[in-house]
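Here's the structure we're looking at; comments come further down.
4 protein chains.
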Amino acid sequence: MKEQIRCAVLGLGRLGYWHAENLASKVKGAKLVYVGDPFGDLAERTARELGIEKFATDANRVLEDPSIDAVIIATPTHTHAEMLEKAAQHGKHIFIEKPLTQSLAEADRAIAAVRKHRVSCQVGFMRRFDGAYAEAKRRIQAGDIGTPLYFKGVSRDPGSPPEAFIKNSGGIFLDMSIHDYDIARFLLSAEATSVSAHGNVLVHSFMEAYGDADQAIAYLSFDSGAAADIEASRNAFYGYDIRGEVIGSEGSLLIGSLRHHDVQLLTRNGSTHDIVPAFPQRFKDAYLNEICHFIDCLRRGEAPSVNEQDGKIALEIALAARESYETGQRIALPGYA
Amino acid sequence: MKEQIRCAVLGLGRLGYWHAENLASKVKGAKLVYVGDPFGDLAERTARELGIEKFATDANRVLEDPSIDAVIIATPTHTHAEMLEKAAQHGKHIFIEKPLTQSLAEADRAIAAVRKHRVSCQVGFMRRFDGAYAEAKRRIQAGDIGTPLYFKGVSRDPGSPPEAFIKNSGGIFLDMSIHDYDIARFLLSAEATSVSAHGNVLVHSFMEAYGDADQAIAYLSFDSGAAADIEASRNAFYGYDIRGEVIGSEGSLLIGSLRHHDVQLLTRNGSTHDIVPAFPQRFKDAYLNEICHFIDCLRRGEAPSVNEQDGKIALEIALAARESYETGQRIALPGYA
Amino acid sequence: MKEQIRCAVLGLGRLGYWHAENLASKVKGAKLVYVGDPFGDLAERTARELGIEKFATDANRVLEDPSIDAVIIATPTHTHAEMLEKAAQHGKHIFIEKPLTQSLAEADRAIAAVRKHRVSCQVGFMRRFDGAYAEAKRRIQAGDIGTPLYFKGVSRDPGSPPEAFIKNSGGIFLDMSIHDYDIARFLLSAEATSVSAHGNVLVHSFMEAYGDADQAIAYLSFDSGAAADIEASRNAFYGYDIRGEVIGSEGSLLIGSLRHHDVQLLTRNGSTHDIVPAFPQRFKDAYLNEICHFIDCLRRGEAPSVNEQDGKIALEIALAARESYETGQRIALPGYA
Amino acid sequence: MKEQIRCAVLGLGRLGYWHAENLASKVKGAKLVYVGDPFGDLAERTARELGIEKFATDANRVLEDPSIDAVIIATPTHTHAEMLEKAAQHGKHIFIEKPLTQSLAEADRAIAAVRKHRVSCQVGFMRRFDGAYAEAKRRIQAGDIGTPLYFKGVSRDPGSPPEAFIKNSGGIFLDMSIHDYDIARFLLSAEATSVSAHGNVLVHSFMEAYGDADQAIAYLSFDSGAAADIEASRNAFYGYDIRGEVIGSEGSLLIGSLRHHDVQLLTRNGSTHDIVPAFPQRFKDAYLNEICHFIDCLRRGEAPSVNEQDGKIALEIALAARESYETGQRIALPGYA
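Right, dumping it as structure tokens:
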């Protein structure tokens, strides 16, 4: 087992910063030695704050550093393909935020590069590392619900990101539901064969200009005979609401809860508990767990449990859902036409 | 206010018997004087058991009795149209189980008869009289969630009825989801404009022969700009699972719970509460409340809050959902093509 | 089985009126034919409203009516002893509100009268007929928690009754906790051997003048080796809060919930469900169930499951708790000194 | 702000090991440089495993090391007094596991030493650093429940420690309830004036030989006029059950939940969620948070929020509760006789 994995983080937006913070102080066996971000002095400030040796505004300088074993890519999605290829070419192991890339063509090139240069690649589907989803997977594998037959996913944001983000987000199916597409595969242990998707703009009328929806649902069929429906919403003004269900042949599972703290306030108006406000609170542990898994796999020379291929498949489903939403037709997934 | 409404019950299957039992002993201002059922001595036994004066195997004899003010029709669906018309012709007020009729043509004829003979007609959408759904309606009317934007319905049966029933049931959209179509209209105060529906046979393979599904979802758009998704399932082996959500512009509502008794059992295996086993336990009070409302309206000379027109509209949505499921196309509701 | 039990209700305060209403319209096999109350025209108005033949301001006239089979005594506690003895002398079966009497001496005389005249007597411990407590009893009898070892009771009122009531209430141990003393015996299937009680006035300072407390707890030991703690409070400003727990040798039970409707409101402030506001809402079904049980027993010629002896024992515990609270000493129950 | 606090851990039992692990890899600004334990090669193995420079079997060698800023004392309770005094004499800041000492005399000597040598001292009441209790404190401070009037604590272990431990544990009031005594002070912002305690041996009969109980309750009065009842149990065979309630003048709080994972399993037997099995799972984050607080205070030159005085007061209450249990008398706390 390797003593230490020397890491770099590229992109110091919110997620990139968390990964850096986790690697700098909470991940045994990792040493964060380099951070890169093109914006002003963000890299410099972060390096100083977290006690990191090196920083750069040019990603290439980071990727070319021979002392780096692994790179965390948290740059904007449109740069993913290029970053992936370069990182692979320099022999760096890769942790990349979802989605893998913007298009399937890019995904294929990135996967080819990863394989050619024999590097490890983990995609940031952190829900697999959340205590509730992971426990659900364990329960299913233990046979507690028999054969999993149906997955029902609910993912609701407490509001919409700004218009500038929505414009380049790829739409609600790519930006939000992709997590549930991955989780559905994970929990059902099956591959989607077709998807039908619907949606509406209920609140955020600016989305209409981009053909996006703030409330959407996709219905999926799977090769195992299972099915799923997956809702995504930008309209949960009450908080961040992430739930799942798996109906099985001998029992079912309900995943998630709306609770933030385990405290109920009782007044004349009723019994109130606070709701998880947003994803950082909900998935804080999951973000740490996934990076620990990545480093642990690298140290042990094992393959991460969620890789570039998983990234590509979730992208395929998301793109098919968007096409279904746009055309009103059921879309068969590649290989299941 | 009328002292007493003299009632008859036609059809003494499970629901008809409950209505009879409720009218016989629990509904102030109602007097059950006649029960009718074609099968053997069922009417006679029921009359004796509940202390009812008259019984008959021929529905016509009941409908022709001039002493009867109101009739509860709980006969098989294929007889509804004829029963409705005859009851109206004899000037009886009518409480009829859902669905109103099998076809829209029948529904139109029945509605015409009801109006021509100026009788009251209530349709058995008992969920509107359930404590949880009724409270949700009150909360929405009180403005607690702002404008209702989205309804999410889950209705799951603990298993499938026998094949003989499924064969003539009209399919899962008519037999099960029709309750949620009505409730969606009720809670959103809006009319559906289109529906897309999907489904699969996950467990009960015999359904394939009838083009039915044991797991289905419908996505509805409404004229208010709201939308809805409504799941129906025959696969909740764990119990009877009826839930709803309404997302509003300023808050949301979760309706229903899985609890049967307010008792939790704590053991080494965890904390367990029992789940409502089936619809009689879940909607016992609602069945009583709806009949009380019917009798109360008749005594006061007021119109029931859920009538033949509501019955027809829910039928329209259910038939459109079935068509969408069969054709793979989005179906516009009448008047919204 | 007797066709019909002819009933009278004495005392038309809140509880008496409910019993009258239930008997008049919801209890099969019961016919309410007489109501009595000394105050003004309350009896007359109630008789008219509920369609009852006879009414009186003098309880004796009611008790002397030979056509009456059973009498429901819901008069003030200080009249219980006299009412019980007279009713028994006239051969009436008796349903009496808790507490049985004010003193043990009165209780003994009443019990002697009931036995001498061989009438049935049920005491109004309605919690035994509540769905949650009854289910808990069934679970315990089914062995689901092994041997019951500990009962923890919480009974909280949303405020204090007026000073005039508190003055004659007998104090919090007699007025409130007596329900839990009975339920502890019921669930543990054991008899209390000693009690220690403590309390404070946290809010309602007028109680100090009467030596009463608005927050109290009693610790009980039982002859089976089990124990219990029982809290009573007048300070649950948030609602009516009735809970229980039974720790068993192989599992435990949690009884009750704070939920009123099965509806959760989700807003930026959190997830809120309303709390049962007061005992009528919480125990509405239990009040009906206990009267049905009483009538049913009379029709079948069976003994009610909770009788005058249960009433006396709960009174013994409550009086001992009050004595312990006043003296600071542990009090042994009669027969266990 | 100091860059780094150099730490040592004394006593590498379960809690000591966790503190060492947390300090070694998860606490920014701390550097664990020394571990000590008298047993065999435990110190050596731990040092190697966690990458710590030095280890010793003799606590004195650790305390004499001039490079150490702070020491975490997790040795057996009977050694606390000596360790505290020596650590203070050597000018080390001190984090000490509860209880502070075994006797009040020892506590006074330890407190004198801490003050004389002007070192910081934090006591391991980790519940104050648990998310739920901390949120409750914030809510109370924010005025959400008005004035806190009553605390109700429940602490139940899933079983008894071995007889050898019970023998030297000081009994259930010292070993278990001391946490709730501290939390009651914390949440009520008040000091206890008297305590009455009761208990029984319900299951673990070996405890009778030591005058201990496996089920106990204490009733406390406070100088603010508030009161509390605090249950402790070794009989929660279903799991680790830690709950609290605070009744306030304008609302109440319920603290804690039985849930381990946010997953419910639905089967024919009901809806089951797993229960927290034991304290490591329940208070994992709290143990980390308290050490972070300790280190953070040392770096900032601030006093820890829970100190040796808090340790002494909780001890006073626990000893008084034990005396009350043994004598059957209400015991006044020092200064409130």
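Residue numbers (our numbering), protein chains in the order written: chain V, 212 to 548; chain R, 212 to 548; chain A, 212 to 548; chain P, 212 to 548.
All residues carry an ideal CB built from backbone N, CA and C; glycine is no exception.
Asked                                                                                                                                                              : Found
When you compare the CB of residue 205 (chain P) with every CB in chain R, is at least one pair closer than 8 Å?                                                   : Absent from the model: residue 205 (chain P). The displayed extent of chain P is 212 to 548, so no value can be given.
Just list the residues that DSSP pairs residue 483 (chain P) with in beta bridges.                                                                                 : R:483, P:476
Residue 538 (chain P) to residue 544 (chain P), Cα distance in whole Å?                                                                                            : 15 Å
For the alpha helix (DSSP H) that contains residue 217 (chain R), what are its first and last residues?                                                            : Residue 217 (chain R) -> not in any alpha helix (DSSP H); beta strand (DSSP E) instead, spanning 216-221.
For residue 427 (chain R), report the span of its beta strand (DSSP E) as first-last.                                                                              : 426-433
If we count Cβ pairs, one from each stretch, closer than 8 Å, do we get three or more for the segment 529-536 of chain A versus the segment 379-397 of chain A?    : yes
With residue 372 (chain R) as the anchor, note down where its beta strand (DSSP E) starts and where it stops.                                                      : Here residue 372 (chain R) belongs to no beta strand (DSSP E), and DSSP marks it neither H nor E.
What are the start and end residues of the beta strand (DSSP E) that includes residue 334 (chain P)?                                                               : 332-334
If you count every other CB in all the chains shown that lies within 10 Å of the CB of residue 374 (chain A), and 16 or more means buried, which is it?            : exposed
Measuring straight from C-alpha to C-alpha, what distance separates residue 437 (chain A) and residue 461 (chain A)?                                               : 14 Å
From the DSSP output, which residues share a beta bridge with residue 458 (chain A)?                                                                               : A:361, A:463
How many whole angstroms separate the CB atoms of residue 448 (chain R) and residue 354 (chain R), which I take to be in contact at a CB cut-off of 8 Å?           : Residue 448 (chain R) to residue 354 (chain R), Cβ: 40 Å. No contact.
Residues of chain V with a CB under 9 Å from the CB of residue 485 (chain A): which are they?                                                                      : 480, 481, 482
Relative to the alpha-carbon of residue 244 (chain A), which residue among A:220, A:228, A:334 has its alpha-carbon at the smallest distance?                      : A:220
Closer than 8 Å between beta carbons: that is the criterion. Which residues of the segment 217-241 of chain A meet it against chain V?                             : none
Using a Cβ cut-off of 9 Å, pull out every chain A residue sitting near residue 469 (chain V), in sequence order please.                                            : 475, 477, 481, 482
In chain order, what residues of the same chain lie with their CB nearer than 7 Å to the CB of residue 505 (chain P), ignoring the 5 residues before and after it? : 306, 333, 515
Any contact of the segment 465-480 of chain A with the segment 468-483 of chain R, i.e. 3+ C-beta pairs under 8 Å?                                                 : yes
Is DSSP giving residue 453 (chain A) helix, strand or coil here?                                                                                                   : strand
In whole angstroms, what is the alpha-carbon distance linking residue 472 (chain A) and residue 342 (chain R)?                                                     : 7 Å
Between residue 283 (chain A) and the rest of its own chain, which residues show a CB-CB distance below 6 Å, the 5 nearest in sequence each way excluded?          : 220, 230, 306
Straight-line CA distance for residue 482 (chain A) to residue 400 (chain P)?                                                                                      : 28 Å
Using the three-state DSSP reduction, which class does residue 293 (chain V) fall into: helix, strand or coil?                                                     : helix
In the structure shown, what three-state DSSP assignment does residue 448 (chain R) receive?                                                                       : coil
Should residue 322 (chain R) and residue 519 (chain R) be called a contact, given that it needs their Cβ atoms to be closer than 8 Å?                              : yes
Please compile the residues from chain R whose C-beta is within a distance smaller than 8 Å of the C-beta of residue 248 (chain A).                                : Correct list: empty, because the minimum Cβ distance to chain R is about 22 Å.
When you compare the CB of residue 409 (chain P) with every CB in chain A, is at least one pair closer than 8 Å?                                                   : yes
Just curious, the beta strand (DSSP E) that residue 281 (chain P) is in, first and last residue?                                                                   : 281-284
Buried or exposed: where does residue 522 (chain R) fall if 16 or more other Cβ atoms within 10 Å of its Cβ makes it buried?                                       : buried
Within 10 angstroms of the Cβ of residue 278 (chain V), are there 16 or more other Cβ atoms? Answer buried if so, exposed if not.                                  : exposed
When you compare the CB positions of residue 216 (chain V) and residue 241 (chain V), do they come within less than 8 Å of one another, or not?                    : yes
Quick one: list the residues of chain P neighbouring residue 472 (chain V), beta-carbon separation under 7 Å, in chain order.                                      : 342, 343, 346
Kindly list, in the order they appear in chain A, the residues whose Cβ is closer than 8 Å to that of residue 448 (chain V).                                       : 478, 479
With three or more C-beta pairs closer than 8 Å as the rule, is the segment 264-276 of chain A touching the segment 247-256 of chain A?                            : yes
In chain order, what residues of the same chain lie with their CB nearer than 6 Å to the CB of residue 503 (chain V), ignoring the 5 residues before and after it? : 238
Measuring only the C-alpha atoms, how far is residue 291 (chain A) from residue 311 (chain A)?                                                                     : 7 Å
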